[in-house]
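Step one of this worksheet: look at the structure below.
2 protein chains.
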Amino acid sequence: MRAPQSVRFPERVPARDVHREVCLHTMATNDMSPGARALLTKLDLFAKLDPQARRTLAGLLDRPQVSYERGQDLMTQGALRRDSYVILTGWAARSKTLPDGRRQILSFLTPGDAVGLFGAITPVATSSVTALSDLTAAPFAPTAIVRTIARSPQLAAALVWAAAREQEIMGEHLVSLGRRSARERVAHLFLELWARLKVRGLAGGDQLQVPLTQQIIADALGLSVVHVNRTLRQLAAEGLLAVKRESVALLDIRQLHQVTGFDEDYLMHHAMPQDLAAELARLVTHGPG
Amino acid sequence: MRAPQSVRFPERVPARDVHREVCLHTMATNDMSPGARALLTKLDLFAKLDPQARRTLAGLLDRPQVSYERGQDLMTQGALRRDSYVILTGWAARSKTLPDGRRQILSFLTPGDAVGLFGAITPVATSSVTALSDLTAAPFAPTAIVRTIARSPQLAAALVWAAAREQEIMGEHLVSLGRRSARERVAHLFLELWARLKVRGLAGGDQLQVPLTQQIIADALGLSVVHVNRTLRQLAAEGLLAVKRESVALLDIRQLHQVTGFDEDYLMHHAMPQDLAAELARLVTHGPG
DNA sequence: CGTCCGTTTGAGGTTTCTCAACGAGGGTGG
DNA sequence: CCACCCTCGTTGAGAAACCTCAAACGGACG
């Protein structure tokens, strides 16, 4: 058994101005809270939500937004659940910690992502969610999700889509940890984050702002910090990417794709398929009968 | 980059009589198809479904069951999706394969589990589902899930619970691949399977029937077959478990728990929490208004 | 009786880890 | 303003875990 390389998440470090802006689609969102808009931006990738769905969404997220500093927990493994959130600005990580301190990051959460969306289902949190940068979030009651599902079938379908998308990302993550080399894991992670951010307008060109320390990358990829460092430097030496303070430039995307066999289909950037849309439309017009 | 150790899944091998029986709870299930009963058995862990939910479930699964031989795909990565299924008897594995042949198993599917439950969302399958033993399954149309969600809020909540539970299992799997040693991974896998089967009445005592070859275990745990073999033999030598043909006996459960820090809470064997149940009941009685 | 699939074992190699130390930057307090 | 932390990144050296290759074994089945 190896000793834990994992280290506490950073705490009480002042803010940096990474990604404080949520990119909003040009819809009539004036009447909505920031939380509703952020979630809408994401769900909109899947389907244009109808007025009923948008009202329901607005009703769900009508509480004032809250702020967290880098290193604080929005949710703590083993503790009773409190609120659920939609992230407005900043990054967070969902992680699990073993009794001896080893830590594994399960997923990265970016603006528009939900924290504990289905959290009402277990009273005690099985993972922690920690702010990786200073962040703001829109809180909502965990049980409200049930009401939401019942009130708008379209919204329910969109939420299921969001859950399925998350599962796809976790699946690809599982492949990385189980079958990819350190080099492939690192390259794959950056390609994924780049693709995720780009589709929401949070990254442009080949540049990408990420508030990730090498320790955090290590905990996400199941590697030691030392080896992440060496891998990063090797990829940089080959001219594939350039790492600065808290940003990364993907210099040779074609070759990065080749290194990892990256195929962004699993991220599901696409709209609802035809048959599903038809089924939903029928329901919305004629009722569930 | 390591060469692929992964090997094709076994094919066309005759059936073995492992787990051909689904344990049914003692409810009035006479009017339901086998598929509906199997899924009900699982969803029942979460909440006693009301008549409306049970009617909807029966309507979803009214097609005749189908059979697959060991090694056949119920769903193939990269191919267009066909039906979704509820597994009735036998085991399956969901896996992803890299271009060079390396394979990672994402999850094991046992009776009552759904294949491609949310599959309508992507037209092309991002993973394969392969029969690990001969199996039978109840098919349903992928888009039917939308109707189901709209017709019964209780069923919708139960399905969300099932999805959340799956995500928890994947999360723990991620911890294994990222931060646990081979020894811990193997012990953890068996404890998980044992707990999952026991709660549905598919395993008794410390014995557990699993149609897993060492190659399959390796592909699930991100290890080589050779190392799985050595790890298995080491655990056996220490008297922690005994592996026979296709069954495993957990000889020292206390120490196995200690080896892995296993805590079965993440499997969510429990019923719906109080507040969620109350919320749902209100909806069912008063409507979503 | 031969073949096939899965398991087992040996030997040597590679990746990744641990331990340890140093450097660079930024914030903080004297 | 400078000295001192503290965090994070970087580098070296040796060790451990795990992998590959190769070969042999055993049971099941034709």
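These protein sequence lines are chains U and Z, in that order. So in the numbering used here, the last spot in the first sequence is 1434, and the numbers never skip. So in the numbering used here, the last spot in the second sequence is 1434, and the numbers never skip. Each residue gets a CB set at the ideal place from its N, CA and C atoms; glycine is no exception. Keep in mind that this is a model prediction, so the values were computed, not measured.
From the DSSP output, in three-state form, read off PRO1284 (chain U) for me. Position 139 of the first sequence holds residue 1284 (chain U). Residue state, collapsed to three classes: strand.
Let me see if you follow: with CB-CB separation under 8 Å, is SER1273 (chain Z) close to chain U or not? Residue numbering aside, residue 1273 (chain Z) sits at position 128 when the second sequence is read from its first letter. For SER1273 (chain Z), the answer is no, since every Cβ of chain U falls outside 8 Å of its Cβ.
Chain Z contact for TRP1306 (chain U) (CB, 8 Å cutoff): Here residue 1306 (chain U) corresponds to residue number 161 of the first sequence, with the count starting at 1. Contacts with chain Z at 8 Å (Cβ-Cβ) include TRP1306 (chain U).
Residue-level contact to chain Z via CB, VAL1320 (chain U), 8 Å cutoff: Mapped onto the first sequence, residue 1320 (chain U) falls at position 175. Yes, VAL1320 (chain U) lies at the interface with chain Z (some Cβ there is under 8 Å from its Cβ).
Contacting positions in the region 1254 to 1278 of chain Z - beta carbon closer than 8 Å to chain U: Correct list: PHE1263, ALA1265, ILE1266, THR1267, PRO1268, VAL1269, THR1271, SER1272.
Give the interface partners of PRO1298 (chain U) over in chain Z, defined as CB-CB distance under 8 Å, in chain order. Position 153 of the first sequence, counted from the start, is the residue given in the question as residue 1298 (chain U). Residues of chain Z passing the Cβ test: VAL1291, ILE1294, ALA1295.
Out of U:GLN1312, U:LEU1322, U:MET1220, state which residue places its alpha-carbon closest to the alpha-carbon of ALA1365 (chain U). On the first sequence, position 220 is the one that residue 1365 (chain U) refers to. Selected option, being the one with the closest Cα: U:LEU1322.
Suppose you measure from the CA of VAL1331 (chain U) to the CA of LEU1377 (chain U); what does that come to, to the nearest Å? For the purposes of this step, residue 1331 (chain U) is taken as the residue at position 186 of the first sequence. For the purposes of this step, residue 1377 (chain U) is taken as the residue at position 232 of the first sequence. Going from the Cα of VAL1331 (chain U) to the Cα of LEU1377 (chain U) covers about 7 Å.
C-alpha gap between ARG1291 (chain U) and ALA1363 (chain U), whole angstroms: On the first sequence, position 146 is the one that residue 1291 (chain U) refers to. On the first sequence, position 218 is the one that residue 1363 (chain U) refers to. A small fix is needed here, since residue 1291 (chain U) is Val in this sequence, not Arg. Within the model, the alpha-carbon separation for VAL1291 (chain U) versus ALA1363 (chain U) is close to 36 Å.
Is it a yes or a no for the region 1260 to 1274 of chain U touching the region 1381 to 1391 of chain U, going by three-plus beta-carbon pairs under 8 Å? Note that the region 1260 to 1274 of chain U does not touch the region 1381 to 1391 of chain U; fewer than 3 beta-carbon pairs, one per stretch, sit closer than 8 Å.
Tell me the rounded alpha-carbon separation between THR1186 (chain U) and ALA1289 (chain U). On the first sequence, position 41 is the one that residue 1186 (chain U) refers to. On the first sequence, position 144 is the one that residue 1289 (chain U) refers to. Taking the straight line from one Cα to the other gives about 20 Å.
Would you check if the distance between the CB atom of LEU1243 (chain U) and the CB atom of ARG1324 (chain Z) is smaller than 8 Å? Counting from 1 along the first sequence, the entry for residue 1243 (chain U) is found at position 98. Counting from 1 along the second sequence, the entry for residue 1324 (chain Z) is found at position 179. In this structure, ARG1324 (chain Z) lies closer than 8 Å to LEU1243 (chain U) by Cβ.
Counting contacts by CB-CB distance shorter than 8 Å, is GLU1383 (chain Z) in contact with chain U? As a first step, residue 1383 (chain Z) is located in the second sequence; it is residue number 238 there, counting from the start. Answer no: the Cβ-Cβ gap between GLU1383 (chain Z) and chain U never drops below 8 Å.
Counting pairs of Cβ atoms below 8 Å between the region 1308 to 1318 of chain U and the region 1418 to 1428 of chain U, do you hit three or more? In short, these stretches do not touch, since the Cβ pair count stays below three.
So, at 8 Å on beta carbons, what are the nonlocal neighbours of ARG1227 (chain U) in its own chain, with the 5 sequence-adjacent residues on each side left out? Here residue 1227 (chain U) is taken as the residue at index 82 of the first sequence, counted from 1. Contacts found: MET1220.
Anything in chain Z within Cβ reach of ALA1301 (chain U), meaning under 8 Å, just list it in chain order. Here residue 1301 (chain U) corresponds to residue number 156 of the first sequence, with the count starting at 1. The contacting residues are ILE1294, ALA1295, ALA1301.
At a Cβ threshold of 8 Å, is GLU1337 (chain Z) touching chain U? Translated into the one-based positions of the second sequence, residue 1337 (chain Z) becomes position 192. No Cβ of chain U is located within less than 8 Å of the beta carbon of GLU1337 (chain Z).
Are at least three pairs of beta-carbons, each pair with one atom in the region 1175 to 1182 of chain Z and one in the region 1199 to 1208 of chain Z, less than 8 Å apart? The region 1175 to 1182 of chain Z makes contact with the region 1199 to 1208 of chain Z; the number of CB pairs closer than 8 Å reaches 3 or more.
Compare the beta carbon distance of ARG1233 (chain Z) and ALA1283 (chain Z) with 8 Å and say whether it is the shorter of the two. Here the question's residue 1233 (chain Z) lines up with position 88 in the second sequence. Here the question's residue 1283 (chain Z) lines up with position 138 in the second sequence. Per the sequence shown, residue 1233 (chain Z) should be read as Leu rather than Arg. In contact: LEU1233 (chain Z) and ALA1283 (chain Z) (Cβ atoms closer than 8 Å).
What do you get for VAL1269 (chain Z), buried or exposed, if any count of 16 or more other CB atoms within 10 angstroms of its CB means buried? Mapped onto the second sequence, residue 1269 (chain Z) falls at position 124. By the neighbour-count rule (16 or more Cβ atoms within 10 Å), VAL1269 (chain Z) is not buried but exposed.
For chain Z, is any of its Cβ atoms less than 8 Å away from the one on ASP1420 (chain U)? Within the first sequence, numbered from 1, the residue matching residue 1420 (chain U) stands at position 275. The beta carbon of ASP1420 (chain U) sits closer than 8 Å to some beta carbon of chain Z.
Closer than 7 Å by beta-carbon distance: list the chain U residues that pair up with TYR1411 (chain Z), in chain order. By 1-based counting over the second sequence, the position of residue 1411 (chain Z) is 266. Below the 7 Å Cβ cutoff, chain U contributes THR1271 as neighbours of TYR1411 (chain Z), in chain order.
With H, G and I counted as helix, E and B as strand and the rest as coil, what does DSSP make of LEU1243 (chain Z)? Here the question's residue 1243 (chain Z) lines up with position 98 in the second sequence. Three-state result, LEU1243 (chain Z): coil.
Integer-rounded CB distance, given that PRO1298 (chain Z) should sit under 8 Å from GLY1264 (chain Z): In the second sequence, residue 1264 (chain Z) corresponds to position 119, counting from 1. In the second sequence, residue 1298 (chain Z) corresponds to position 153, counting from 1. Here GLY1264 (chain Z) is actually not in contact with PRO1298 (chain Z); their C-beta atoms are around 22 Å apart, not less than 8 Å.
Unbroken alpha helix (DSSP H) run spanning LEU1334 (chain U), endpoints: Translated into positions along the first sequence, residue 1334 (chain U) becomes position 189. Here the alpha helix (DSSP H) through LEU1334 (chain U) covers 1327 to 1344.
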